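Some notes on the structure that comes next.
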Amino acid sequence: MLYIFIFVLFSVPETVFPACDVCEQYSKTPTWQSINDKFEFACPEGWKVFNRTRGTYCMKIFYTNYPQYIASAQCALSDAYLPGIESETEWTWLYTTIRSYVVANGDDYGYFWVGGARIPACSYNMSNSTWCSLSSNAFIWGDYYLTGPATILDAHLKGDNVGEIQNCIILRVNADSGQALDDISSTVGISSDSSVIPSGYVCGKPADIVGLKPTCSTS
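Mapping of the sequence shown onto mature numbering (1 follows the signal peptide of the UniProt record, and there is no 0): residues -18 to -1, 1 to 201, in sequence order.
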């Protein structure tokens, strides 16, 4: 007698039910918690937790001078990216934390990469148009976990494209007081004639889903 077995594979998000070959690794993760058989969201140690509209979000500031493309690649090593800024709560935390660093270093300013890019329709030649003069029209955050991206952009970014093609966004924090988002060239940190030296970068990512230990086959 011939038996035919048909196996149907369902795709399950790995962050919820990790593959069996990493079960032991997950069971030893310090942030793993079992709370009444419910999921909860947790950020890695050293990351700041924020409650965004779409869910729990994690941010971390890194104090290393990199050009934009390397900063982005460094974030990717932590499964993160250069983030947008959703709320005044995030904005205030970034300012307070970075300003402490700037003052301690005796610097006048600190420049930190965040996400965001100028759209092609508002390139250097078009930046003076009425439509492109509104920052939330000219730039996108590129942060898929962001809700209401226009609020911070319109309040704090002056994307004037002065003097050169400035397609990226950097967070500038003053030692005395104040901070702003500034449009800036992607070559800052590479070109020796730039007056701006990046102080670091910000990484962001949605929180990990933890809480239920996966059941793994012993076969």
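Glycine is no exception: its CB is placed at the ideal position from the N, C-alpha and C atoms.
None of the values given here were measured: they were computed from a predicted structure.
Simplified DSSP state of residue i, which is helix, strand or coil
{"i": "Asp190", "result": "strand"}
{"i": "Tyr45", "result": "coil"}
{"i": "Thr74", "result": "helix"}
{"i": "Ala162", "result": "strand"}
{"i": "Val4", "result": "Confidence in Val4 is poor, its pLDDT being 32 and thus under 50, which makes the residue's placement unreliable; the coordinate value appears in the next sentence. Helix at Val4."}
{"i": "Leu135", "result": "helix"}
{"i": "Val85", "result": "helix"}
{"i": "Ile80", "result": "helix"}
{"i": "Cys25", "result": "coil"}
{"i": "Ile67", "result": "coil"}
{"i": "Ile147", "result": "coil"}
{"i": "Ile52", "result": "helix"}
Same chain only: Cβ atoms within 8 Å of residue i, ignoring 5 sequence neighbours per side
{"i": "Val184", "result": "Met41, Lys42, Ile43, Phe44, Leu64, Pro65, Leu76, Phe94, Trp95, Val96, Leu153"}
{"i": "Ser168", "result": "Pro49, Gln50, Tyr51, Asn149, Cys150"}
Residues near residue i in its chain [Cβ-Cβ closer than 7 Å; skip 5 each side]
{"i": "Ser181", "result": "Tyr45, Asn47, Gly92, Tyr93, Phe94"}
Cβ-Cβ distance between residue i and residue j below 7 Å
{"i": "Leu163", "j": "Ile151", "result": "yes"}
{"i": "Ala189", "j": "Thr38", "result": "yes"}
{"i": "Arg81", "j": "Val31", "result": "no"}
Same chain only: Cβ atoms within 6 Å of residue i, ignoring 5 sequence neighbours per side
{"i": "Ile166", "result": "Gln148, Cys150, Ile152"}
Per-residue burial, residue i [other beta carbons within 10 Å of its own, 16 or more giving buried]
{"i": "Leu59", "result": "exposed"}
{"i": "Ala120", "result": "buried"}
Original post:
Which runs of the alpha helix (DSSP H) spanning at least 4 residues fall entirely within the segment 95 to 126, listed in chain order?
Top reply: 117 to 120
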